[in-house]
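Residue numbering for the sequence shown follows this note's numbering, beginning at 5 and increasing consecutively. No residue lacks a Cβ here, since even glycine has one placed at the ideal position from N, Cα and C.
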Amino acid sequence: MTLLNENYQLTVQEVLRRPFFQQAYIAAGQDGLQRLVRWVHIIEVIQFEELLQGGEMILTTGAAFKSDTRLFMTYLEQLMNNNVSCLCIEMGHYLSSVPQAWIDAAEACRLPLIIFPQAVRFIDITQDIHAHIINQHHKALQDLEKISREFHRMTLSSQGVSHVLGLLQSSTKAQVIYVPQDGQPKFIPQLGSRESSQWLELLEGRLASDLNARHAGSPAVFEVEGQTVIVQPVGAMGKTWAHIILVLSRKPQEYEYLILDSASLSIAQDLLRKRYMEERKLYSQTLWMDDLLHLRIRDEEQIKMLIGHTFRQLNELPYHVILIEFAHKQTEDYPALGDGEGIESAGIHLSLAARSIFEQHTFHPLLTLKNNRLVVVAFDKTPKRPAKERLQHVFQSLQLLKAEEEMELTIGVGQSNRSFMQAHQSYQEALQAISLCATLQSKVLFYDELGVFQLLLHIGDKQMLQSFVRTYLGPIIDYDHMKGSELLRTLKVYLDSDGSKQIAAQQLFIVRQSLYYRLEKIEELLGANYMLPEKRLALQVGIRAFQLLHPEIKL
């Protein structure tokens, strides 16, 4: 694969070799002949700064400034402010010669000043150069596509990453440095130990800050002793696994960024495949957790044999059992998770992301899959810090990450516990918490936040609950059913607002007068004493029992 970067860009010196420049000569600015020409523009006015973007070859007959040196200097200053590549002046109707002061000014700016001694057709020049630039860019994209396909093919081999780095280096002629989070850095071409150590020392601080501040995919660029350094993160699922660094002796062009992005994507896919296989292996090694959580393992010695030397340390740490239920929103891109293989694949990808995020927040996770639920036993490695706050950060990161894949997560969290043999209790709490997510319209529920629901969930006699609900709320429920009103919801919001009419009206999105009317009707149905402590408490418990019995009704 050959280097295309040197071929698809057009310099001022190369333009001078084009057929329409055979009679032209360069009057000043020899030092600027390597400037890149990105486009051609004809400018015959004196004020034009907003018309330029940089890198243009400017053609003019001199109509804007004629022989006026002051106007020419204004014209030249705007060219320099906009970083044009060169200025071409045609001798003829407006100019018969170029004053030495103009030549000296262009030389001082190192701006190539090209003179056409005779009239030329500017349209022929623009068509010729534009066609050449467009054709070269088209060729660049074709070659880039070939290299990208080669990158992807290479990642299927056992030495995929090394081969990709080698092709990246040969295609850019830059120094390539690959710094994985786990493993030894690679230098292509190889550098001496002293020089490589200097580079690693220079990059160390920047890569550390990059891990905290930059998302995988966004490159950083900085200058080091006249060289341009591009740092490209490599990773997926919100996690950076490595960095690729290009060290260039020239200013980077679009090609360098495109090919570096393609190389990083190929390496990320290779690393993701490997991590997926590792996660699948870990998942198969933790299938015993299902037996533990369902009390099919009752002997600590059995767990010691399954876990090995980490048993004692983990057994003494506090942990939470967490259930993460996952389901794709049904769209054209993401159909429902129907078959077992689709569920397992989605679950292992979720497990891979969850493991990384839990570890970032100093938890040691043991994970296993149960249908479309990921079961996590998250051991807290820093128990002196509040676990709940860090768990909330974990769940926020997971929700944001999976929202990009149109995946919805529902999470239930058991209470903190110690000892493997108590995991069943925390698992049951997580089950109860997740079972109430729909009822309470929440995506994350901690068992210790369920309040009176903790008691209601343990009342096995549903008829007793139903009877309690009818005793205290029957008239309200019947009225709502008959009239299609929202008195039960109004009562719940009013009681939950500690009887504040202002707050209740705001939360119900109604005016005060409407609330007063509803409260009068509630008092008529329940009696004037419904706000007395015992009656009020019974009503609030009854409303929770109603929610438990009728999760499909949103209050």
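Whether residue i touches residue j by CB criterion (8 Å)
| i | j | result |
| --- | --- | --- |
| Q179 | V251 | yes |
| I118 | V102 | no |
| H428 | L297 | yes |
| Y182 | I234 | no |
| L413 | Q400 | no |
| R157 | S89 | no |
| Q377 | E410 | This sequence places Arg at residue 377; Gln is not what is there. Cβ atoms of R377 and E410: not closer than 8 Å. |
| R422 | E320 | yes |
| G455 | A434 | no |
| I192 | L206 | no |
Other residues of its chain near residue i: CB distance less than 8 Å, five sequence neighbours each side excluded
| i | result |
| --- | --- |
| L543 | Y476, L477, L495, L499, L530, Y534 |
| Q458 | Q436, Y451 |
| I93 | T64, T65, G66, L99, V102, L117, I118, I119, F120 |
| L171 | M5, I151, E154, F155, M158, A267 |
| I547 | L477, L492, L495, K496, L499, L559 |
| L553 | K466, L469, Q470, V473 |
| I463 | L469 |
| V238 | A220, T244, W245, A246, H247, I248, S268, I271, A272, L275 |
| L299 | H428 |
| N375 | I347 |
| T73 | P103, A105, W106 |
In DSSP terms, what residue i is bridged to
| i | result |
| --- | --- |
| F120 | E94 |
| I326 | V380, V417 |
| T244 | G239 |
| E368 | For the sequence presented, residue 368 should be read as His rather than Glu. Its beta-bridge partners are F383. |
| W43 | E60 |
| L252 | T232 |
| M411 | H332 |
| L195 | DSSP output for L195 lists no bridge partner at all. |
| L373 | L378 |
| T78 | In DSSP, T78 forms no bridge with anything. |
Segment limits, alpha helix (DSSP H) that includes residue i
| i | result |
| --- | --- |
| P537 | 537–553 |
| F126 | 126–158 |
| H313 | Element bounds for H313: n/a, residue is neither H nor E. |
| H4 | Any question about residue 4 goes unanswered here, given that the chain covers just 5 to 559. |
| F399 | 391–407 |
| V168 | 164–176 |
| I526 | 516–530 |
| F472 | 466–487 |
| I438 | 427–439 |
| Y498 | 491–500 |
| D108 | 104–113 |
| L512 | 505–512 |
| V49 | Looking at the DSSP string, V49 is not in any alpha helix (DSSP H), and its letter there is neither H nor E. |
| Q17 | 16–19 |
Extent of the continuous beta strand (DSSP E) run through residue i
| i | result |
| --- | --- |
| E227 | 224–228 |
| K70 | Unbroken run through K70: none, as it is neither H nor E. |
| Q179 | 179–184 |
| Y29 | 29–32 |
| F457 | That residue, F457, is in no beta strand (DSSP E); its alpha helix (DSSP H) goes 457–460. |
| V448 | 448–450 |
| K190 | 190–192 |
Close Cβ partners of residue i (< 6 Å) along its chain, the five nearest in sequence each way excluded
| i | result |
| --- | --- |
| N216 | Model confidence at N216 stands at a pLDDT of 47, short of 50, so the residue's coordinates are unreliable; what they give is reported in the following sentence. Same-chain partners within the cutoff: there are none. |
| W292 | L310 |
| V586 | No information on residue 586 is available, as it lies outside the stretch 5 to 559 that the chain covers here. |
| K406 | L413 |
| T443 | Q551, P555 |
| Q57 | none |
| P479 | L529 |
| P23 | none |
| I129 | F24 |
Closest residue to residue i among the options (Cα-Cα distance)
| i | options | result |
| --- | --- | --- |
| L115 | S504, T366, D35, G187 | D35 |
| H134 | V168, R42, T443 | R42 |
| Y259 | K143, L207, E490, D295 | K143 |
| F69 | F52, G58, Q57, G59 | F52 |
| K255 | A267, E229, D265 | E229 |
| S240 | S166, M468, Y280 | According to the sequence as given, residue 240 is Ala; it is not Ser. When only C-alpha atoms are compared, the closest one is Y280. |
| N87 | G96, W106, A110 | A110 |
| H332 | R302, K278, E408, L318 | E408 |
| V165 | R74, L37, W245 | W245 |
| Q424 | D303, R516, Q257 | What sits at residue 424 in the sequence shown is Phe, not Gln. Looking at the Cα atoms, D303 is the closest of the given residues. |
| D384 | E363, F367, H397 | F367 |
| K525 | I127, A28, E490, H45 | E490 |
Own chain partners of residue i with C-beta closer than 7 Å, once the 5 adjacent residues on each side are dropped
| i | result |
| --- | --- |
| E10 | Unreliable placement is indicated for E10, whose pLDDT of 47 sits below 50; no coordinate value is reported for it. |
| A123 | E94, G96 |
Near the ligand MG: residue i beta-carbon under 7 Å from a heavy atom
| i | result |
| --- | --- |
| G488 | As for the ligand MG, it is missing from this structure, which has no ligand bound. |
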